Amino acid sequence: MTMRSARAGGWVSVVVGILLAGGMALLAWLLVPLMFDPTGESFNGTRLMAYGILALFALIGMIGVLGIVAGMRRIRTGRVDMQVRKVMLWLAAPLIAGAAIFELVDDFL
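Okay, structure coming up:
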């Protein structure tokens, strides 16, 4: 990979990271008042489900922030940082495992 293509990939990573982190922050900001409404008219789930949804938003937002950091570092150095890539994969692992478990449980129900 050339330095120029690494920097271009860094810009893509920064833009996608901003969209992920900003999107999750916006969703949380819009949905928290609905999920924790005392009347319970707008959200039919339990309080534990609401916390789980917010934890998912936070995890995806953290992946977005790390994407911004990794992209900025990639733009500055022109190289892919393998340590940041490993951290990103470790953050994504619970999402992948959770989706697989949910699919397995859904098939049995």
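When you line the sequence shown up against the numbering used here, it's residues 1 to 109, in that order.
Even glycine gets a Cβ: it sits at the ideal position worked out from N, Cα and C.
Since we're looking at a predicted model, the values are computed, not measured.
The Cβ neighbour count for F102, taken over all protein chains shown within 10 Å, is under 16; the residue is labelled exposed. Under the 10 Å beta carbon count, A8 is surrounded by fewer than 16 other beta carbons and is classified as exposed. The residue from L34, V105 and G64 with its alpha-carbon nearest to that of R85 is G64. Boundaries of the alpha helix (DSSP H) harbouring S5: M3 to M35, taken from the DSSP string. In this structure, A28 places its C-beta atom within 7 Å of the C-beta atom of F57. Three or more beta-carbon pairs separated by less than 8 Å link the segment 70–82 to the segment 11–25, which places the two stretches in contact. Our two residues, R79 and L66, have alpha carbons roughly 16 Å apart in a direct line. Listed in chain order, the beta strand (DSSP E) runs fully inside the segment 37–88 amount to none, counting runs of at least 3 residues.
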